[in-house]
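Below is one structure, written out as structure tokens; comments come after it.
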Amino acid sequence: VERLRSINAETVERKEDRDADALYSFFHGLSHLGPVYRAGKRISMSPREFSLSISNVPGPREPVYLMGGEVSEIYTIAEPADRHVLRASVVSLAGTMFFGFCTDPGALTDLELIAAGVERSIDELLARAGAS
Numbered sequence: 435v436e437r438l439r440s441i442n443a444e445t446v447e448r449k450e451d452r453d454a455d456a457l458y459s460f461f462h463g464l465s466h467l468g469p470v471y472r473a474g475k476r477i478s479m480s481p482r483e484f485s486l487s488i489s490n491v492p493g494p495r496e497p498v499y500l501m502g503g504e505v506s507e508i509y510t511i512a513e514p515a516d517r518h519v520l521r522a523s524v525v526s527l528a529g530t531m532f533f534g535f536c537t538d539p540g541a542l543t544d545l546e547l548i549a550a551g552v553e554r555s556i557d558e559l560l561a562r563a564g565a566s
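Numbering (our numbering), first residue to last: 435 to 566.
Here's what the structure looks like:
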């Protein structure tokens with residue numbers, strides 16, 4: 435629970451500080467400088483700067499039917515950005531969240547450990563929610 439609170443606080447702070455907007459504006463302002471822009475973009479896209487991309491997409495809140503059958507699971511797979519190691523994608527369907535992980539297997543060989551860790555963390559949160 436503390437881990438989730440910490441992540442939430444950091445995310446709120448980043449959004450309030452508009453970090454992504456500032457970075458976009460900075461590189462957009464450099465775009466007319468050609469080589470400077472390309473060098474800056476290369477540095478900003480370095481795996482030392484960003485190794486994880488996360489996407490969360492709110493899906494349908496109600497059950498979805500396809501050809502008369504209820505869709506029971508939905509997953510989204512988004513490839514990692516250039517020179518990134520891991521992309522985690524989350525999509526919801528009728529109150530359930532589904533996680534997808536995509537990586538370069540040469541860069542990250544223990545994806546199962548990450549998935550298991552996410553599952554354990556969710557189990558911890560659910561157990562905590564059930565206890566309160």
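Glycine included, every Cβ here is placed at the ideal spot set by N, Cα and C. Predicted model only: the values in this text are computed from it and were never measured.
- Contact annotation, residue 491 with residue 510: C-beta distance approximately 6 angstroms; criterion of less than 8 angstroms satisfied.
- Shown here for residue 501: not one same chain residue has a beta carbon closer than 6 angstroms to its own, the five before and five after excluded.
- 7 angstroms or more divides the Cβ of residue 542 from the Cβ of residue 524.
- Rounded to the nearest angstrom, the gap between the Cα atoms of residue 556 and residue 535 is 16 angstroms.
- Residue 503 places its beta carbon 7 angstroms or farther from that of residue 527.
- For the 7 angstroms CB-CB criterion, residue 548 and residue 532 do not form a contact.
- For residue 444, the secondary structure class from DSSP, reduced to helix, strand or coil, is helix.
- Residue ranges of uninterrupted beta strand (DSSP E) with 3 or more members, entirely inside the region 496 to 566 and ordered along the chain, are 520 to 527 and 530 to 537.
- Cα atoms of residue 505 and residue 530: separation of roughly 12 angstroms, rounded to the nearest angstrom.
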